[in-house]
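I have placed the structure first, in the form of structure tokens, so that the comments after it can refer back to it.
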Amino acid sequence: MSHLKAIFPLVLVLFLVSCGTKKVVTGTVSETASVKNIIKAHNNSEASYTTLNARIKGSYKTEKEDQSISISMRMEKDKAIWLSAKLAGIIPLAKVYITPKRVQYYEKIDGTYFDGDFSLLSDWLGMELDFDKVQNLLLGQAIYPLEKKELKMSFTETDYILKSEGNSLLETMFAIQSSNFRLKGQRLAREAKQESVVIAYDNYEQVKEEWFPKKIKIIATQKGKSTQIEVDYRQIDLNASVSFPFSIPSGYKEITVE
1299 MSHLKAIFPL VLVLFLVSCG TKKVVTGTVS ETASVKNIIK AHNNSEASYT
1349 TLNARIKGSY KTEKEDQSIS ISMRMEKDKA IWLSAKLAGI IPLAKVYITP
1399 KRVQYYEKID GTYFDGDFSL LSDWLGMELD FDKVQNLLLG QAIYPLEKKE
1449 LKMSFTETDY ILKSEGNSLL ETMFAIQSSN FRLKGQRLAR EAKQESVVIA
1499 YDNYEQVKEE WFPKKIKIIA TQKGKSTQIE VDYRQIDLNA SVSFPFSIPS
1549 GYKEITVE
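Start counting the sequence shown at 1299; every next residue gets the next number (this note's numbering).
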């Protein structure tokens, strides 16, 4: 299970970087902008692509573990996310296949597999997930639809800060860059359960006229214990033909969510 926990959270923090890209130019905020207009601009900034094929280097760190993992990732927007992982870039470790209604994986070292819904991912990250939330996280978009929340806005020199109002059970905060209206970061917290997830997007770059985060960092905290994941993208190919080979080997032991 320790190896598997290193793979599965990475599904939530992977996206892309490529060669020959343009670095983001810092913008300045307009203090007369409305919450409605900032939300609209953020939604319109979502990357447009059909398929994605990437090679990624990720790290996973807790108080007891510190691992590096090489991952091949393929995506078809709104339809599928597929990952094939190796330890040290050599040892085959696991495959993951996610569709809007199903989460599947198998892990070679322990000979285990999972075939079910998003409950296991949600449990590990301490937040309720579905396919759309995972995809939005990967794209640098807000996990929850901003227009469905009561938000108040403040400013830094370069970013718009949208924060949930009132005594919501789920506290949310979104920092949106004025330069391209992509997320600089988002935080979701359930203080009553001592759970929080902080996701930071660094060094946005432009790939084929679309903005993507070069590096994503996630810190998930549950009752004082934290998991830190960092991902760097080494190679990306957009809109090429992709396939999603996946078959759970016979004889593997099923893992269930308690």
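Backbone N, C-alpha and C define an ideal beta-carbon position, used for all residues, glycine too.
Query, Result
"Quick one: Cα of V1322 to Cα of Q1526, how far?", "Caution is warranted here: a pLDDT of 42 is assigned to V1322, below 50, making its placement in the model unreliable, and the coordinate value is therefore given only provisionally. If I take the Cα positions, the gap works out to 25 Å."
"So the candidates are P1390, Q1402, Q1475, I1441; which of them puts its Cα closest to the Cα of W1380?", "Q1402"
"Alpha carbon to alpha carbon, what distance is there between L1467 and A1518?", "17 Å"
"My guess is that V1327 and Y1458 are in contact by the Cβ rule of under 8 Å, so how many angstroms apart are they, rounded?", "6 Å"
"Alpha carbon to alpha carbon, how far is G1438 from Q1504? Give it in angstroms, no decimals.", "13 Å"
"Who does W1380 pair with in a DSSP beta bridge?", "R1372, Y1395"
"Of all the beta strand (DSSP E) runs that stay within the bounds of the stretch 1461-1534, which reach a length of 3 or more residues?", "1469-1475, 1481-1488, 1493-1505, 1508-1520"
"Kindly indicate which residue of T1349, A1378, A1538 has the alpha-carbon position closest to the one of D1430.", "A1378"
"Expressed to the nearest angstrom, what Euclidean distance is found between the alpha-carbon atoms of E1344 and M1373?", "15 Å"
"Helix, strand or coil: how does DSSP classify S1417 here?", "helix"
"Assuming A1352 and I1534 make a contact with CB atoms under 8 Å, what is their CB distance in whole Å?", "5 Å"
"Does the stretch 1334-1350 come into contact with the stretch 1398-1413, if we say contact requires no fewer than three beta-carbon pairs (one atom in each stretch) closer than 8 Å?", "no"
"Quick one: what does DSSP say F1544 is sitting in, helix, strand or coil?", "coil"
"Determine the burial state of G1549: buried for a count of at least 16 other Cβ atoms within 10 Å of its Cβ, exposed for fewer.", "exposed"
"Taking L1436 as part of the alpha helix (DSSP H), name the residues at either end of that continuous run.", "1429-1437"
"Three-state secondary structure (DSSP) at K1389?", "It should be pointed out that residue 1389 corresponds to Ile in this sequence rather than to Lys. It is a strand residue."
"Can you tell me whether DSSP reads V1333 as helix, strand or coil?", "helix"
"Going straight from the alpha carbon of S1452 to that of T1470, what length do you get?", "14 Å"
"Quickly, what does DSSP pair M1451 with across the bridge? List them, please.", "L1460"
"Quick one: residues in its chain with C-beta nearer than 6 Å to the C-beta of A1473, no 5 flanking neighbours on either side, listed in chain order?", "D1457, I1459, K1482, G1483"
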